[in-house]
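Enquirer:
Numbering (my numbering), first residue to last: 96 to 432.
1. Where does the unbroken alpha helix (DSSP H) through residue 126 begin, and where does it stop?
2. For residue 237, which of 226, 246, 212 and 223 has the nearest alpha-carbon?
3. Distance, Cα to Cα, residue 354 vs residue 174?
4. Based on Cα-Cα distance, which residue from 177, 207, 125 and 284 lies nearest to residue 151?
5. Considering only their Cβ atoms, is the gap separating residue 333 from residue 414 smaller than 8 angstroms?
6. Please determine, among 331, 337 and 357, the residue with the shortest C-alpha to C-alpha distance to residue 437.
7. Runs of 4 residues minimum, wholly inside the segment 310-346: which ones carry the alpha helix (DSSP H) assignment?
8. Just the Cα atoms here: how many angstroms apart are residue 328 and residue 406?
9. State whether the segment 230-247 contacts the segment 304-311, with contact taken as three or more CB pairs (one from each stretch) at a distance under 8 angstroms.
10. Less than 8 angstroms between the CB atoms is what I'm expecting for residue 133 and residue 279, so what's the real figure, rounded?
11. For residue 257, count the other beta carbons within 10 Å of its own beta carbon; 16 or more makes it buried, fewer makes it exposed. Which is it?
12. Would you grab the beta carbon distance between residue 350 and residue 364 for me? Rounded to a whole angstrom, and I think it's under 8 angstroms.
13. Reducing DSSP to helix, strand and coil, say where residue 234 ends up.
14. Going along the chain, which residues of its own chain have a beta-carbon closer than 7 angstroms to the beta-carbon of residue 170, five neighbours each way excluded?
15. Are residue 263 and residue 107 touching if we call contact CB-CB under 8 angstroms?
16. Of all the alpha helix (DSSP H) runs that stay within the bounds of the segment 222-307, which reach a length of 4 or more residues?
17. Please report how far the alpha carbon of residue 369 lies from the alpha carbon of residue 361, in whole angstroms.
18. Following a CB-centred definition, is residue 195 positioned closer than 7 angstroms to any heavy atom of the ligand SAM?
19. Rounded to whole angstroms, what is the Cα-Cα separation between residue 251 and residue 176?
20. What's the C-alpha gap between residue 218 and residue 371?
21. If we ignore side chains and look at the alpha-carbon of each, how far apart do residue 311 and residue 207 end up?
22. Is the beta carbon of residue 189 closer than 8 angstroms to that of residue 125?
23. Whose C-beta lies closer than 6 angstroms to the C-beta of residue 359 among residues of the same chain, with five residues either side of it excluded?
24. Reducing DSSP to helix, strand and coil, say where residue 402 ends up.
Following this line, the structure appears as structure tokens:
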């Protein structure tokens with residue numbers, strides 16, 4: 096039984112090691128096909144005459160994927176636990192994109208060290224747009240570094256640490272699948288809003304909560320917020336441990352006061368504080384505090400980018416070490432279906 100309980104960690108470790116050597120383009124075509132398949136799974140409840148339940152239609156692709164993966168995992172486990180383990184590794188490799196994250200930041204740092212601001216800007220702006228469609232206006236290296244860390248914080252949380260957490264928190268790969276599909280639904284909702292060319296104002300999470308608490312609570316944005324609530328705080332605590340815990344706690348509290356329904360805002364403030372850019376007021380990349388932080392720290396721009404990359408790597412090592420200790424003591428959820 097002890098060995099069985101350690102299978103989740105073993106699968107995670109294998110996936111992390113393999114992902115380090117795989118090119119990010121290996122899963123590009125597969126991600127595109129999965130995205131198209133998810134669109135096919137969608138059911139337009141409003142067109143079917145049930146507009147009152149339209150806010151629930153995002154659950155249909157998730158349920159199909161969860162049931163399908165659960166059934167396949169059960170079958171593979173009966174055939175061979177080793178086959179089920181490799182299936183879990185494959186799903187992790189699909190979700191993890193740490194090497195892509197590390198390659199982009201390493202290359203951007205090299206370009207800035209060589210004085211090639213324009214190549215660094217092109218690289219990072221393509222990376223940002225590919226993720227969330229944002230195209231920030233960047234004129235100086237300090238602004239580029241600030242935007243890179245601002246976006247990198249969310250991607251580190253959503254493409255690495257949250258995947259860690261939910262893969263180990265629930266038996267088998269089910270937690271991973273639920274998280275990936277919830278994240279996909281949030282991206283899908285955002286893309287629909289962008290496709291409509293801002294035809295209507297997208298309510299903030301606070302506005303949605305005040306308008307209808309029940310409807311808001313089962314929307315993909317709120318479900319994702321709930322799923323990232325604990326991983327974000329664990330990551331912020333890890334940053335504090337490897338940097339300055341008191342400063343990290345202060346930055347978190349300061350930013351959290353300005354953003355109730357956000358894990359990204361306080362976590363971003365913690366990372367900014369840890370690399371020495373700005374204090375806990377850096378919850379908004381367009382804020383006055385952010386601009387002052389850029390101006391005050393321009394001479395340390397490349398060092399801040401390097402520190403951020405190293406900080407994410409150190410946090411990943413800490414999480415792997417803690418997960419290993421949990422596996423040794425048998426505290427990880429059982430991999431038995």
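Just so you know, even glycine gets a beta-carbon here, dropped at the ideal spot from N, CA and C.
Expert: Reading it off the structure:
1. For the purposes of this step, residue 126 is taken as residue 31 along the chain shown, with counting starting at 1. That run of the alpha helix (DSSP H) goes 123-136.
2. By 1-based counting over the chain shown, the position of residue 237 is 142. Nearest option by C-alpha distance: 212.
3. Taking the first residue of the chain shown as position 1, residue 354 is located at position 259. Taking the first residue of the chain shown as position 1, residue 174 is located at position 79. Whole-angstrom Cα-Cα distance: 49 angstroms.
4. On the chain shown, position 56 is the one that residue 151 refers to. Residue 284 is the option with its Cα nearest to residue 151.
5. Indexing the chain shown from 1 puts residue 414 at position 319. Indexing the chain shown from 1 puts residue 333 at position 238. Yes, these two residues count as a Cβ contact at 8 angstroms.
6. There is no way to answer for residue 437, as the model of the chain reaches only from 96 to 432.
7. Counting only runs of 4 or more, we get 315-337.
8. Here residue 328 refers to the residue found at position 233 of the chain shown. Here residue 406 refers to the residue found at position 311 of the chain shown. Rounded to whole angstroms, the gap between the alpha carbons of residue 328 and residue 406 is 16 angstroms.
9. No contact exists between the segment 230-247 and the segment 304-311.
10. Here residue 133 corresponds to residue number 38 of the chain shown, with the count starting at 1. Here residue 279 corresponds to residue number 184 of the chain shown, with the count starting at 1. Distance from residue 133 to residue 279 at the Cβ level is roughly 6 angstroms; contact confirmed, criterion being Cβ atoms closer than 8 angstroms.
11. Counting from one through the chain shown, the residue named residue 257 turns up at place 162. It counts as buried.
12. Against the chain shown, residue 350 aligns to sequence position 255. Against the chain shown, residue 364 aligns to sequence position 269. So it is a contact: roughly 4 angstroms between Cβ atoms.
13. Along the chain shown, read from residue 1 onward, the residue named residue 234 stands at position 139. In this structure, residue 234 counts as coil in the three-state DSSP scheme.
14. As a working mapping, residue 170 is identified with position 75 in the chain shown. Shown here for residue 170: not one same chain residue has a beta carbon closer than 7 angstroms to its own, the five before and five after excluded.
15. Looking up residue 263 in the chain shown gives position 168. Looking up residue 107 in the chain shown gives position 12. Going by C-beta atoms, residue 263 is nearer than 8 angstroms to residue 107.
16. Restricting attention to alpha helix (DSSP H) runs no shorter than 4 residues, the segment 222-307 encloses them at 236-251, 257-264, 269-290 and 300-306, ordered along the chain.
17. Reading the chain shown from its first residue, position 274 is the one you call residue 369. Reading the chain shown from its first residue, position 266 is the one you call residue 361. Those two C-alpha atoms are separated by around 12 angstroms.
18. Of ligands this structure carries none, so the ligand SAM is not represented either.
19. The count along the chain shown starts at 1 and reaches residue 251 at position 156. The count along the chain shown starts at 1 and reaches residue 176 at position 81. Between residue 251 and residue 176, the C-alpha separation is close to 30 angstroms.
20. Against the chain shown, residue 218 aligns to sequence position 123. Against the chain shown, residue 371 aligns to sequence position 276. For residue 218 and residue 371, the distance between alpha carbons rounds to 24 angstroms.
21. Counting from 1 along the chain shown, the entry for residue 311 is found at position 216. Counting from 1 along the chain shown, the entry for residue 207 is found at position 112. Answer to the nearest angstrom: the Cα atoms are 43 angstroms apart.
22. Sequence index remark: in the chain shown, residue 125 carries index 30 (1-based). Sequence index remark: in the chain shown, residue 189 carries index 94 (1-based). Yes.
23. The count along the chain shown starts at 1 and reaches residue 359 at position 264. Excluding sequence neighbours, residue 359 sits near 249.
24. Looking up residue 402 in the chain shown gives position 307. Residue state, collapsed to three classes: helix.
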